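Numbering of the sequence shown is given in this note's numbering, commencing with residue 2 and proceeding in unit increments.
Ideal Cβ placement from N, Cα and C applies to all residues, glycine included.
Quantities reported herein were computed from a predicted structural model and do not represent experimental measurements.
Read through the structure below, which is laid out as structure tokens, and then see the notes.
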Amino acid sequence: MATPSLPCANCSPDGTSCENAGKSSCANCRLVVYCGSECQKAHWPIHKLDCKSSLNKTNWKPEWAVQGRAPAFMSLGASEIFGASGDLRNVIKTIAQIPSSYDQPIDIVINDRDIDIVARNVIMILIALTVEDLDEAVDCMIHVWYSASIRKSHVDIPKQRIRPLIQSVCDKIKKKRGKKVFGRTWTFQKRSLRLVLEKSAWDRLLCFMDVPDDFTIEKASEIRQAVTVARSRIGYSDRTFLFQSPPHRVAKQRYYQDGPFTSIWSPTQTFFQFGGTWPMQDSADPVEGWLLGEVEKTPIGLAISDVYGKLFYYIRSMIKKLLDRVCKSTVAFQLLQVDAAMLDEHLEGSFDRIEVSNISDGGYLGIRLTVALMAPLLREPSINPHATLITLFMSMVDDNWTMMDEFAELSPRNLSNRRSVHCLPRSHPLMGPADPTMIKITYGASHLREYDDIFERVANDLELPSFPDWAGAMMKEKHTIIEKWPHRLKLRPGQPGGKEEFDLLMEGGSSGKELYLEWMRVQE
């Protein structure tokens, strides 16, 4: 496949831009491309703010270090837990990776309790099913998914193609009670989508098709930036920058200011249906939703430092594979908005793969209840020996970390300290807990450790080996879908490439503590 060509970066503040393809990159930052020297010179007054930014220098220091003060985040605990996203990433990757030789019907059930997540998933799937132009569908899905603004033609797709479908259901049930559940199936040749919601959720879904008439792109940008570039949060963004390469720091700062895929069009209705608030935390970054190593390998030509450009084409390729499969196969989507503990009451039949995000963490359903509820929904081994339930622990390590574990980390012989010498070198004497190098050591140390001992302790406490006796499911000895510890460092201390592997892990936003377990049903 040909390497995609990024457009010329010459864009004026009013949104007018050169429409030619870029042929050469900025030699200093490799973040942008231009069609020729005239456009590069014309754009320099704008681009120099990024290209000459202090963030793009190897000797950059966080504001707290320059000012000689402690950063605000030091008054909080060092461990931050962010809930798992309910978007379509895993669905898209799963369908995109189905072998081309597979010719059987595909049934996908997607459930989430959050109506905002369900609504955005419904809109994206209906875009995939109703827009005939493949490229138009792909671009519309990406911008509805990630961008605070979208072009006019993409605003019209939900309004003209999707709103009438939802409106017809709302009209039929308008006199029903708010808690009563209604289902509707739409069929598009060999493809279908079934949506099951309470009456009040159907009404709410309509709100995601529009923004208030007087809501401008300028107002949308102001609301977003009040969260993403808030002065009160500069210490947190600087801490993130500590683990980024100089060009990636510049790219991330542009993301904070403008979003991942910059445009000056119309506010995205799925983000601003009620106008006044930005629905995400300032730390939310789409790059961290995918494996950075895979994103970085995406070819985009000469702008090799443009990580968000790579992300755009990476996601684009995934969605194109999804749409190619959807166009060729018999595919049935079903979307629900129910508590996971009640999911079995809404489903018929059995499944080849079930992925439940991190509801198996102790703060949610927990692993015992999750496996007990979901394992009976798996196909039996006699029908499909590869049928798998995938559970994720995001807080297991932190929830079970003890003072004994803390003391063990002080030993200079342990793995994390041996790795630290190579991955977190000290270039100068540390000047206290607010020293940027000390901050890197503090927040990077947990990524250097391996946590099998913590898991073994938890497995014994929860009696995981006994699950086949009462839950009818057992842990798979060999994982076939995802690694047990996918974000664990693979190289040993001192091996070539070890520091680069660590740097990539820190840039990607994972904690290194994420644990996946794959389960299979026990043959009855």
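Notebook entry, point to check: Since Gly184 is in the beta strand (DSSP E), which residue starts that stretch and which ends it?
Noted result: Start and end: 182–189.
Item checked: Segment limits, alpha helix (DSSP H) that includes Val523 -> It is not in any alpha helix (DSSP H) - Val523 carries neither H nor E in the DSSP assignment.
Notebook entry, point to check: Expressed to the nearest angstrom, what Euclidean distance is found between the alpha-carbon atoms of Ala22 and Pro8?
Noted result: C-alpha separation (whole angstroms): 4 Å.
Next item on the list: Using only alpha-carbon positions, find the residue among Ile109, Arg178, Asp88 that is nearest to Val145.
Entry: For the residues Ile109, Arg178, Asp88, the minimum Cα distance to Val145 belongs to Asp88.
Item checked: Pairwise C-alpha distance: Lys24 and Ile360 -> If you take the alpha carbons of Ile360 and Lys24, they lie about 48 Å apart.
Note to self: For Asp283 and Asp211, I'd like the C-alpha separation in whole angstroms.
What the structure shows: If I take the Cα positions, the gap works out to 24 Å.
Check: If we ignore side chains and look at the alpha-carbon of each, how far apart do Cys12 and Lys160 end up?
Finding: The C-alpha of Lys160 is placed about 29 Å away from the C-alpha of Cys12.
Notebook entry, point to check: Between the C-alpha atoms of Gly78 and Asp259, what's the straight-line distance to the nearest angstrom?
Noted result: For Gly78, the predicted structure reports a pLDDT of 33, less than 50, and the residue's modelled location is therefore unreliable. A value from the coordinates is still provided. For Gly78 and Asp259, the distance between alpha carbons rounds to 30 Å.
Checklist line | Delimiting residues of the alpha helix (DSSP H) encompassing Val398 | finding: It spans 397–400 - the alpha helix (DSSP H) in which Val398 sits, taken as one unbroken run.
Check: What beta strand (DSSP E) runs, 3 residues minimum, are completely inside the region 270–296?
Finding: With a minimum length of 3 residues, no continuous beta strand (DSSP E) run stays inside the region 270–296.
Next item on the list: Would you kindly report the start and end of the unbroken beta strand (DSSP E) that includes Gln105?
Entry: It is not in any beta strand (DSSP E) - Gln105 carries neither H nor E in the DSSP assignment.
Check: Opposite Leu194 in the DSSP bridges: which residues?
Finding: As computed with DSSP, Leu194 is found in a beta bridge with Trp187, Phe334.
Next item on the list: Verify whether the separation of the beta carbon atoms of Arg31 and Pro248 is less than 8 Å.
Entry: Yes.
Next item on the list: Determine the contact status of Cys424 and Gly499, defining contact as a CB-CB distance below 8 Å.
Entry: Taking the C-beta atoms as reference points, Gly499 is found nearer than 8 Å to Cys424.
Notebook entry, point to check: From Leu336 to Ile96, what distance separates their C-alpha atoms?
Noted result: Here the alpha carbon of Leu336 sits roughly 16 Å from the alpha carbon of Ile96.
Item checked: Any 3 or more C-beta pairs closer than 8 Å across the region 330–350 and the region 101–112 -> Here the region 330–350 makes contact with the region 101–112; the two share three or more CB pairs at distances below 8 Å.
Next item on the list: Measure the beta-carbon distance from Leu427 to Thr438 and round it to whole angstroms, keeping in mind my assumption that it falls under 8 Å.
Entry: Checking the displayed sequence, the identity of residue 427 turns out to be Arg instead of Leu. Contact holds; Cβ gap of about 6 Å.
Check: Should the region 167–182 be called in touch with the region 199–206, which here means at least 3 C-beta pairs below 8 Å?
Finding: Flag = yes, the region 167–182 and the region 199–206 touch.
Next item on the list: Round the Cβ separation of Tyr309 and Thr299 to the nearest angstrom and send it over; I've been treating them as touching at under 8 Å.
Entry: Contact between Tyr309 and Thr299 is ruled out by a C-beta separation of about 11 Å, above the 8 Å threshold.
Item checked: Check whether Gly509 and Leu293 have beta carbons under 8 Å apart -> Yes, the Cβ-Cβ distance between Gly509 and Leu293 is below 8 Å.
Item checked: CB contact flag (His347, Thr481, <8 Å) -> Thr481 is positioned such that its CB atom lies no closer than 8 Å to that of His347.
Item checked: Cβ neighbours of Val357 in the same chain (closer than 8 Å, five flanking residues each side left out) -> Its chain contains Ala341, Thr371, Met375, Leu390, Ile391, Thr392, Leu393 as the residues whose beta carbon lies nearer than 8 Å to that of Val357, once the 5 sequence neighbours on both sides are disregarded; these appear in chain order.
Margin query: Could you compute how far the alpha carbon of Ala460 sits from the alpha carbon of Ser101?
Written below: Taking the straight line joining both Cα atoms gives about 38 Å.
Check: Is the beta carbon of Arg380 less than 8 Å from the beta carbon of Asp353?
Finding: Yes, Cβ-Cβ distance for Arg380 and Asp353 is below 8 Å.
Check: CA-CA distance, Pro287 and Ile316?
Finding: Within the model, the alpha-carbon separation for Pro287 versus Ile316 is close to 10 Å.
Notebook entry, point to check: Using the beta-carbon count (16 or more within 10 Å), is Arg225 buried or exposed?
Noted result: When all chains shown are included, Arg225 counts as buried.
Margin query: Let me make sure I understand the geometry here. Which of Ser421, Tyr365, Arg369 has the alpha-carbon closest to that of Glu502?
Written below: It is Ser421.
Check: For Thr269 versus Ser150, is the C-beta distance shorter than 8 Å?
Finding: It is a contact, given that the beta carbons lie within the stated cut-off.
Item checked: Sufficient close CB pairs (3 or more, under 8 Å) joining the region 122–140 to the region 189–197 -> Inter-segment contact for the region 122–140 and the region 189–197 is present: three or more beta-carbon pairs are separated by less than 8 Å.
Margin query: So, under 8 Å CB-CB, Ile320 and Arg205 are touching, yes? Tell me the CB distance rounded to an integer number of Å.
Written below: Ile320 to Arg205, Cβ: 26 Å. No contact.
Margin query: With distance defined between alpha-carbon atoms, name the residue in Gln524, Lys175, Ser417 nearest to Thr495.
Written below: Residue identity check: residue 495 is Gly in the sequence provided, not Thr. The shortest Cα separation from Gly495 among Gln524, Lys175, Ser417 belongs to Ser417.
Margin query: Between which residues of its own chain and Asp51 is the CB-CB distance below 6 Å, once the five residues before and five after are set aside?
Written below: Apart from sequence neighbours up to five positions away, the residues of its chain that approach Asp51 with a beta-carbon distance below 6 Å are Val251, ordered along the chain.
Check: What residue does the beta strand (DSSP E) around Phe408 start on, and which one ends it?
Finding: Unbroken run through Phe408 is the alpha helix (DSSP H), 404–409; no beta strand (DSSP E).
Item checked: Local Cβ density within 10 Å of Asp454, reported as buried at 16 or more and exposed below that -> Burial state of Asp454 is exposed, judged by a 10 Å Cβ sphere holding fewer than 16 other Cβ atoms.
Note to self: I need the straight-line Cα distance from Leu366 to Met343, nearest angstrom please.
What the structure shows: C-alpha of Leu366 to C-alpha of Met343: approximately 11 Å in a straight line.
Note to self: Going by the DSSP bridge assignment, what does Ala474 pair with across the sheet?
What the structure shows: For Ala474, DSSP records a beta bridge to Arg522.
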